[in-house]
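Trainee: Chains A and B are the protein sequences, given in the same order.
For the first sequence, the positions run 1 to 205 when the UniProt record's numbering is used.
For the second sequence, the positions run 1 to 626 when the UniProt record's numbering is used.
All residues carry an ideal CB built from backbone N, CA and C; glycine is no exception.
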Amino acid sequence: MKKNKETLNIAFLGLGGQGIITLAKMIAESALDTGKKVCYNEIHGLSQRGGSVQSFLRLNEESSPLFASSDVDLVIGLEKMETLRYLYGIKGHKPKVILLDYFEIRNTNYFGLEVFPEEEEIDKEIRERAEELYIFDSENFKKQFKGNFIPYNVGIFSALTTFEELGITEETGEKIVKKLLGKNILLSQVNKKAFKEGKKWIKKI
Amino acid sequence: MSVKRKNKIDNGIAETEEALFMGNHAVVQGLLEAGVGFTAAYPGTPSTEIQVRLAKLHEKGQLYFEYSVNEKVAFEISAAAALSGVRSAVIMKHVGVNVASDAMMALAYFGVQGGMIIVAVDDPGCQSSQNEQDSRFWGKFAHIPVFEPSTPQEIRDVIPKIYELSEKYNMLCMLRMTNFTSLSTGIVKHKPIEENLSWNGEFVREIKYQIPARYLLHKGLHKSLKALAKDPLFEEFISLKESSSSSERLIITHGAIYPIVEYMAELYNFNGDILKIGAIFPLNEEKIAEIVKKYKYIYFVEELEPYLETEILAIIGRNKLNVTVFGKEKLQIPYENSLRPDALKEAFSRIVADPNDDSVFYEIPDPSPLPKIFDSEELLIPRTLPRLCDGCSHRGAFYSIKKATGEDFIIPSDIGCYALGQVQPVDVGDYWLCMGGGLGTALGMSKVNGKKVIAIIGDGTFFHAGMPALLDAVEYNHNITLAILDNSLTAMTGGQPSPSSTTWKRKNFNPINLEEVVKGLGVKWIKSVQAINVKENVKIVKEALEYQGPSVIIFKGECVVNKLRNMKTPVKPLSIDQDLCTQCGNCLIDFACPSIVKEDGKIVIKQDTCTGCGYCAMVCPVKAIK
């Protein structure tokens, strides 16, 4: 298989309501702002109702936002089970993984299960399937915010400015957060803070 | 006689700005740049974003848009505009075209004065639909040209061209998209349109609309299609991507998956050319035969049905071309589901390895319809099933219906959020067929099975296609109960107004009173209840079931997503008093809100997702939930 060196293929995985599509959009807007080609796709079906949400983005590419799982460079997971589901489907290739330290406890009756798989088990499987693993510390990030609304997606976007391959500078990032999420005065303050704080809470495992 | 349009149309592709557009938004941009002043739709994912944006433009006064009661009405309203010389568009998902098709098939014979596009968005893989039908077939069936752009930029670019062709040949046209093209976002060069577009037209009588000998129009239609196929502007929709070396191999594919095919060809170093067909119907036989005859091996790569494969094989036959053909009929490309890159891996690796490999590339999958619990048995990764939202009012209605019916009832459900009531552990509803199909089949179920049947429908679906069936139930005294779950919204598609919506701000509209409609259809037994009163409602459901003949219960409860959207104060989550809780499981298993989970052996409410709706507190027998 041929690999296009210029193109960066990113997969975003998580659950409805986590802001995955917005995260992909923030990266795409940053690329547009810096004059790069970009495209992305969203797969969300019944996402508002707790379903899987996936988004696929390609930097320096404008035709097909979808790519083969064996061609993925970077996996950004906002929920552990959803991330493992995707990693499990990749054969013979290990991507770089950025993972939000979040595992959703679900009502097992929805799955006809006695128990849901253990978080430790999922962690171990993810670690084995990643070339490099970066964890975003959800607990410590959460402490910066009061109330129910925790903008993890903006936090991760902030952390992504530290990854050179994406080429997003802090200035661009800040501008994009303001452009996309600056309309609601109350939330724009929270998002601004999330962008300022986010990069502190990512670390390589 | 033709009618003059008032809007000045600039069909050039002047471009002044670049922005990110998803395919659905590129449709709106294309419509604006083509000067389309009149639009209508019925909500349906994956086409919804087009409609939401058009509704906003309507509120601003830039064009006319309405959420019609169903796709057929939306189509007819738009058809009237086109017949009066106004450029119009009607937007729907693939199954909506089935509803609109009665009018569509006949309008094709009339032809149009102002250009008209029907936008049909297919859902391969059934991400949010009951089937994955292939709308490309409508072209040949209804005699309408079908266009299929590949990227957001192309979508924006082709729409003005389609209107030009629609008016030149007086033909209704279809813009066919899929969940891939509609939900892919890319950078689009475009020209922002700020001015208001007119939708005033003038209908001019023509004898052809009146005459009974419609076969004459059918004849004219065939003539126009032949001429259109050879129009230079139409020919632009067929393009050949040649590899550097002269090749014996050709992939033939269509617009909606062309980007994926191009990507796979590059990934696997496919040494051959790719023919992209961006206009599915009519096909220009001479041009296609001319291209195909240069190759030895032809590979058809299509998503869903082998439409081009069948059509082009006929062209190959008529032109006596000597080529080896690969495709779906020989099980070398998967028939079902969306063709994402991973689904094409096997096919591409085989095609590239050996052009003479004529074996079957993939097995027909196990036809068992049972969904798997695990994506992987080895790792125990459970499927993430869709479910009703935390705090959904439907869950209250389901709880009452479940307690009142027990195991003995046939419960047809319908298309909408409440179809998710069928998922374990809520488990209310036996099947969902099509819009309004739950009620329609309930009438027959009750007759044939000789017992009362309770059907479930939402307010939007009831107005869309449920009313005729309810009228039938009254007319023939069918022994059914209809539960209308009224959240005053078309919720499944993200929250668009239904005819009874009062919370939705719309200009010049009269909210419809659901009870009055039901009474007007002749129903004698009707009760309107608040869904949250789960215990009292059990009794009311039982009464309705005992009534001989059609009875209707309207469960009222606001859509929680809409409620949270408009809430001014923060959510107050509930919690379970562990000293009182007897672990009976009523809330966890029977009511089954996703916010209620078992953690360390105790039933608890997740504080970050609870919406404070209070339904579970009504369900708890020992009042432990506060």
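Could you tell me the alpha carbon to alpha carbon distance between A79(B) and M116(B), rounded to whole angstroms?
Mentor: Locating residue 79(B) in the second sequence gives position 79, counting from the first residue. Locating residue 116(B) in the second sequence gives position 116, counting from the first residue. Roughly 7 Å separates the two Cα atoms.
Trainee: How big is the Cα-Cα spacing for I77(B) and A40(B)?
Mentor: Taking the second sequence and counting its residues from 1, one reaches residue 77(B) at position 77. Taking the second sequence and counting its residues from 1, one reaches residue 40(B) at position 40. Cα to Cα, I77(B) sits roughly 7 Å from A40(B).
Trainee: Does the CB of K542(B) have a neighbour CB from chain A at under 8 Å?
Mentor: In the second sequence, residue 542(B) corresponds to position 542, counting from 1. Chain A contact via Cβ: absent.
Trainee: Give the interface partners of P570(B) over in chain A, defined as CB-CB distance under 8 Å, in chain order.
Mentor: The sequence position of residue 570(B) within the second sequence is 570, counting from 1. By Cβ distance, chain A contributes G147 and N148.
Trainee: G139(B) and M171(B) look like a contact to me (Cβ under 8 Å); what is the Cβ gap, rounded to whole Å?
Mentor: Working through the second sequence from its first residue, we reach residue 139(B) at position 139. Working through the second sequence from its first residue, we reach residue 171(B) at position 171. Rounded, the Cβ-Cβ distance is 11 Å, inconsistent with contact.
Trainee: For M1(B) and V177(A), what's the separation of their Cα atoms in angstroms?
Mentor: Counted from its first residue, the second sequence places residue 1(B) at position 1. Counted from its first residue, the first sequence places residue 177(A) at position 177. Low confidence applies to M1(B): its pLDDT is 37, below 50, so where it sits in the model is not reliable, and the reading given next is rough at best. Looking at the two C-alpha atoms, the distance is approximately 54 Å.
Trainee: Would you kindly report the start and end of the unbroken beta strand (DSSP E) that includes L74(A)?
Mentor: Start at 1 with the first residue of the first sequence, and residue 74(A) comes out as number 74. Note, L74(A): beta strand (DSSP E), L74 to G77.
Trainee: When the Cα atoms are used, what is the spatial distance from residue 651(B) to A256(B)?
Mentor: Absent from the structure is residue 651(B), since the part of chain B shown begins at 1 and ends at 626.
Trainee: Relative to the C-alpha of K200(A), which candidate in K179(A), G77(A), G155(A) and I98(A) has its C-alpha closest?
Mentor: Mapped onto the first sequence, residue 200(A) falls at position 200. Taking only the C-alpha atoms, the option nearest K200(A) is G155(A).
Trainee: Can we say the stretch 129–144 of chain B touches the stretch 99–114 of chain B, given the rule of at least three CB pairs closer than 8 Å?
Mentor: Touching, yes, given that three or more Cβ pairs across the two stretches are closer than 8 Å.
Trainee: Looking at chain B, which residues of the stretch 79–111 of chain A have a Cβ within less than 8 Å of any of its Cβ atoms?
Mentor: Listed by position, the residues of the stretch 79–111 of chain A near chain B (Cβ gap below 8 Å) are M81, E82, L84, R85, Y88, G89, I105, R106, N107, T108, N109, Y110 and F111.
Trainee: Tell me the start and end of each unbroken beta strand (DSSP E) in the stretch 310–385 of chain B that is at least 3 residues and wholly inside, in chain order.
Mentor: For the stretch 310–385 of chain B, whole beta strand (DSSP E) runs of length 3 or above, ordered along the chain, are 324–326 and 374–376.
Trainee: Could you name the residues of chain A that A592(B) contacts, counting a contact when the two beta carbons are closer than 8 Å?
Mentor: Sequence index remark: in the second sequence, residue 592(B) carries index 592 (1-based). By Cβ distance, chain A contributes N107, N109 and Y110.
Trainee: Within its chain, find whatever has a CB closer than 7 Å to the CB of E543(B); leave out the 5 residues flanking it on each side and keep chain order.
Mentor: Here residue 543(B) is taken as the residue at index 543 of the second sequence, counted from 1. Closer than 7 Å at the Cβ level, and outside the excluded window around E543(B), lies no residue.
Trainee: When the cut-off is 8 Å and only beta carbons count, does E139(A) lie next to chain B?
Mentor: As a working note, residue 139(A) is residue 139 in the first sequence. No, its Cβ sits nowhere closer than 8 Å to a Cβ of chain B.
Trainee: Is the shortest distance between the beta-carbon of I205(A) and the beta-carbons of chain B less than 8 Å?
Mentor: In the first sequence, the residue the question calls residue 205(A) occupies position 205. False, the Cβ-Cβ gap to chain B never drops below 8 Å.
Trainee: What are the start and end residues of the alpha helix (DSSP H) that includes D33(A)?
Mentor: In the first sequence, residue 33(A) corresponds to position 33, counting from 1. I20 to D33 is the extent of the alpha helix (DSSP H) around D33(A).
Trainee: Would you say T253(B) and E309(B) are within 8 Å of each other, going by their C-beta atoms?
Mentor: Within the second sequence, numbered from 1, the residue matching residue 253(B) stands at position 253. Within the second sequence, numbered from 1, the residue matching residue 309(B) stands at position 309. No, they are not a contact pair.
Trainee: The beta strand (DSSP E) with A483(B) in it runs from where to where?
Mentor: Position 483 of the second sequence, counting from 1, holds the residue named residue 483(B). Its beta strand (DSSP E) spans residues I480 to D486.
Trainee: So A314(B) and Q332(B) are supposed to be a Cβ contact under 8 Å. How far apart are they, rounded?
Mentor: Taking the second sequence and counting its residues from 1, one reaches residue 314(B) at position 314. Taking the second sequence and counting its residues from 1, one reaches residue 332(B) at position 332. No, A314(B) and Q332(B) are not in contact; Cβ-Cβ is about 19 Å, not under 8 Å.
Trainee: Compare the Cα-Cα distances from K287(B) to each of V560(B), D231(B), L588(B) and K626(B) and report the closest residue.
Mentor: Taking the first residue of the second sequence as 1, we reach residue 287(B) at position 287. Of the listed residues, the one whose Cα sits closest to K287(B) is D231(B).
Trainee: Please report the residue range of the alpha helix (DSSP H) in which I554(B) lies.
Mentor: By one-based count along the second sequence, residue 554(B) stands at place 554. Taken as a continuous stretch (DSSP letters only), I554(B) belongs to no alpha helix (DSSP H), being part of the beta strand (DSSP E) at S551 to K556.
Trainee: Pick from G111(B), G612(B), V95(B) and V121(B): whose alpha carbon is nearest that of G85(B)?
Mentor: Counted from its first residue, the second sequence places residue 85(B) at position 85. Measuring from the Cα of G85(B), the nearest candidate turns out to be G111(B).
Trainee: Using 8 Å as the cut-off, can you tell me whether the stretch 71–80 of chain A makes contact with the stretch 10–25 of chain A, which would need three or more C-beta pairs spanning the two stretches below that distance?
Mentor: Counting Cβ pairs under 8 Å, three or more are found: they touch.
Trainee: Can you find the residues in the same chain that come closer than 8 Å, C-beta to C-beta, to A343(B), ignoring five residues on each side of it along the sequence?
Mentor: Here the question's residue 343(B) lines up with position 343 in the second sequence. The answer, listed in chain order, is P334 and N337.
Trainee: Cβ atoms of V95(B) and N131(B): under 8 Å apart, would you say?
Mentor: Taking the second sequence and counting its residues from 1, one reaches residue 131(B) at position 131. Taking the second sequence and counting its residues from 1, one reaches residue 95(B) at position 95. It is a contact, given that the beta carbons lie within the stated cut-off.
Trainee: Counting pairs of Cβ atoms below 8 Å between the stretch 501–520 of chain B and the stretch 600–615 of chain B, do you hit three or more?
Mentor: No: fewer than three Cβ pairs fall under 8 Å.
Trainee: Does W525(B) come out as helix, strand or coil in the three-state DSSP assignment?
Mentor: For the purposes of this step, residue 525(B) is taken as residue 525 along the second sequence, with counting starting at 1. Residue state, collapsed to three classes: strand.
Trainee: Residues bridged to R176(B) by DSSP?
Mentor: For the purposes of this step, residue 176(B) is taken as the residue at position 176 of the second sequence. Answer is A120(B).
Trainee: Can you tell me the Cβ-Cβ gap for R53(B) and Y163(B), rounded? I've got them flagged as a contact below 8 Å.
Mentor: Taking the first residue of the second sequence as position 1, residue 53(B) is located at position 53. Taking the first residue of the second sequence as position 1, residue 163(B) is located at position 163. Not really, about 19 Å apart at Cβ, beyond 8 Å.
Trainee: Exposed or buried, which one is N508(B) when buried takes at least 16 other CB atoms within 10 Å?
Mentor: Working through the second sequence from its first residue, we reach residue 508(B) at position 508. Exposed: under 16 other Cβ atoms inside 10 Å.
Trainee: Can a CB atom of chain B be found closer than 8 Å to the CB of residue 216(A)?
Mentor: Here chain A has residues from 1 to 205 only, and residue 216(A) is not among them.
Trainee: Does G19(A) pass the burial test, meaning 16 or more other C-beta atoms within 10 Å, or should it be called exposed?
Mentor: Locating residue 19(A) in the first sequence gives position 19, counting from the first residue. Classification for G19(A): buried.
Trainee: List the residues of chain B whose Cβ lies closer than 7 Å to the Cβ of P117(A), in chain order.
Mentor: In the first sequence, counting from the first residue as 1, residue 117(A) sits at position 117. Residues of chain B passing the Cβ test: L380.
Trainee: Rounded to a whole number of angstroms, what is the C-alpha to C-alpha distance between S188(A) and K196(A)?
Mentor: The residue labelled residue 188(A) in the question sits at position 188 within the first sequence. The residue labelled residue 196(A) in the question sits at position 196 within the first sequence. So the alpha carbons of these two residues sit roughly 12 Å apart.
Trainee: So H58(B) is in the alpha helix (DSSP H); what residue range does that whole segment cover?
Mentor: Along the second sequence, one-based indexing puts residue 58(B) at 58. Its alpha helix (DSSP H) spans residues T48 to K60.
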